[in-house]
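What the sequence shown shows, in mature numbering (1 follows the signal peptide of the UniProt record, and there is no 0), is residues -23 to -1, 1 to 110, in sequence order.
Glycine residues also receive a C-beta, built at the ideal position from the N, C-alpha and C atoms.
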Amino acid sequence: MKRARRSLLVVAALMLLALPVLAACGGGGGGGNEGNGGDQAAGNKITVTAQNMSFDQTEINLKKGQTYTIELVNNDSVQHDLAAEQLGLEIGLTDPGKSTSVEFTPQQTGDFEFICTVPGHSATMKGTIRVTE
């Protein structure tokens, strides 16, 4: 009897733990991820992580006219930033262990380079933002 009760409690606890995950995976018409490359975004938030003198995302896909929150997470030991000059996107210097976010709405289509503008970093810290209609 004790064993059955314990098993029931374990199952109930697991179900409670799974609820937030199931809710996040819930349906509903079009998701906000279709404009972003890979699994880098939740909704219209895009996270780019700087680590080992590189960005973990080298291609970011956006839709013209949609607003995004772009977050730079710095997991490196030196400051980094992220800029796509032609798009007017700038995330300022971010200290090691910190993150910085900006809201951004692309107004033109095309392929645009993003880099870390700290001198010498752009050799390995760069990627492409692809903006489509």
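Nearest-angstrom Cα separation, counted from residue j out to residue i
i: Gly97; j: Thr24; result: 23 Å
i: Asp88; j: Val108; result: 6 Å
i: Thr26; j: Asn51; result: 6 Å
i: His57; j: Asn21; result: 22 Å
i: Gln85; j: Gly74; result: 33 Å
For residue i: DSSP bridge partner residues
i: Val50; result: Thr26, Ser76
i: Asn21; result: Answer is none; Asn21 lacks a bridge partner.
i: residue 140; result: Only positions -23 to 110 of the chain appear in this structure, which leaves residue 140 out of reach.
Residues of its chain near residue i, where Cβ-Cβ distance is below 6 Å and the 5 sequence neighbours each way are ignored
i: Phe81; result: Tyr45, Ile47, Leu66
i: Gln28; result: Asn52, Asp53
i: Leu49; result: Val25, Leu59, Ile68, Thr71, Thr77
CA nearest to the CA of residue i, picked from the options
i: Glu90; options: Gln43, Ala100, Asp33, Ile106; result: Ile106
i: Leu64; options: Ala100, Thr101, Gly42, Met30; result: Gly42
i: Asn38; options: Val79, Thr94, Pro83, Cys93; result: Pro83
Chain C contact for residue i (CB, 8 Å cutoff)
i: Gln43; result: The structure shown contains no chain C; it is built from a single protein chain.
Neighbourhood of residue i by C-beta, 7 Å cutoff - its chain only, sequence neighbours within 5 removed
i: Thr101; result: Met30, Ser31
i: Ile92; result: Ala60, Ser99, Met102, Lys103
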